[in-house]
Amino acid sequence: MKRFHGFLKGLAIPVGIILIWQVLSIYIQNSFILPGWETIIPVLIHPFEPLFGGASLYQNSFISLQRVLNGFFLAVLIGVFLGLLCGWSKSAEDYVNPIIQILRPVPPIAWMPLAIAWFKIGFGSLIFIIFIGSFFPVFISTIEGVRSVRVRWLEVAQTLGATTLEIFKTVVIPGALPSIWTGLRLAFGVAWMCLVAAEMLPGTSAGLGYLIMFAYNLGQIQVIVAGMIVIGVIGIVADYFFRMGQTKLFNWQGKE
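Here the sequence shown is numbered in the numbering used here, starting from 302 and rising by one per residue.
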């Protein structure tokens, strides 16, 4: 019952926004400024119908998801490996940390000209931008996870005669996983935002970002709003699965 009440509370503001939006759209009477929901909903409930003679809302969403997952998993592989290495070895951190601190503040979209120069317009440049955006949350969270492993756990393992490799595999990595998981959750959100922004740039021919810009050029604001809603829904669903995973996998956190 409490969950249901929480769900209703979560719906209150979105429903209020929808109602206010609809009232304003009727008052303004200008679909280019504020389209009514009677034009937005048909786009959402027919996701398989071609838009503007091209790919459907579903197809563009699927293409965007493929791209974001490729870049995200690449960032996870490299970010977790380097994070474990730097969190465990102070010497490795001394080598890697300076360049990380220099590159981390640079917005991912600022890399777009270099990405196009290196990988040309298309899949490669988009994957690179997603990788850049999602790498740093994974890397930093992994380092913090390794450093947050309780000293007592390490001492017990050493007392039992575990080797350094055994300690790393059976104590450090499991102990760091909750922090790593949080980094993955943050990184996916950043990756999703980077992808949509990159797809809006010239030269892209598919994806939700491309669809939004193409619809804007044609003055089809209802398609823009539908695309934005799909982007938000995919983000919410992904975050829900990360939260569920955290609850299921790391319910031991905080327990002695």
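Yeah, the Cβ is synthetic: ideal placement off N, Cα and C, and Gly gets one too.
| query | result |
| --- | --- |
| Output needed for Ile-522: all residues of its chain with C-beta closer than 7 Å, excluding positions within five of it in sequence on either side, in chain order. | Ser-332, Phe-333, Pro-336 |
| Sort Ile-327, Phe-436, Ala-313, Ile-341 by Cα distance to Phe-382 and report the nearest one. | Phe-436 |
| I need the straight-line Cα distance from Arg-368 to Trp-338, nearest angstrom please. | 30 Å |
| When the Cβ atoms of the stretch 507 to 526 are set against those of the stretch 467 to 479, are three or more pairs found closer than 8 Å? | no |
| Report back the beta-carbon spacing between Leu-366 and Val-531 to the nearest angstrom; my notes put them in contact at under 8 Å. | Contact doesn't hold; Cβ gap of about 11 Å is too wide. |
| Pick from Gln-402, Pro-399, Trp-493: whose alpha carbon is nearest that of Phe-432? | Trp-493 |
| Please classify Pro-351: does DSSP put it in a helix, a strand, or coil? | strand |
| Give every residue of the same chain whose Cβ lies closer than 6 Å to the Cβ of Trp-482, excluding the five residues on either side of it in the sequence, and list them in chain order. | Gln-547 |
| Which partner residues of Ser-362 appear in the DSSP bridge assignment? | According to DSSP, Ser-362 bridges with nothing at all. |
| Measure the CB-CB distance between Leu-519 and Phe-353 and report whether it falls below 8 Å. | yes |
| Assign Ala-488 to one of two classes, buried (16 or more other C-beta atoms within 10 Å of its C-beta) or exposed (fewer than that). | buried |
| Between the C-alpha atoms of Gly-264 and Tyr-328, what's the straight-line distance to the nearest angstrom? | The question about residue 264 has no answer, for the chain in this structure spans 302 to 557. |
| What is the DSSP secondary structure of Leu-392, counted as helix, strand or coil? | Note that residue 392 is Ser in the sequence shown here, rather than Leu. DSSP places Ser-392 in helix when its eight states are reduced to three. |
| Where does Ser-449 fall in DSSP's three states? | coil |
| How big is the Cα-Cα spacing for Ala-393 and Thr-340? | 56 Å |
| What does DSSP give as the partner residues of Ser-357 in its beta bridges? | Pro-351 |
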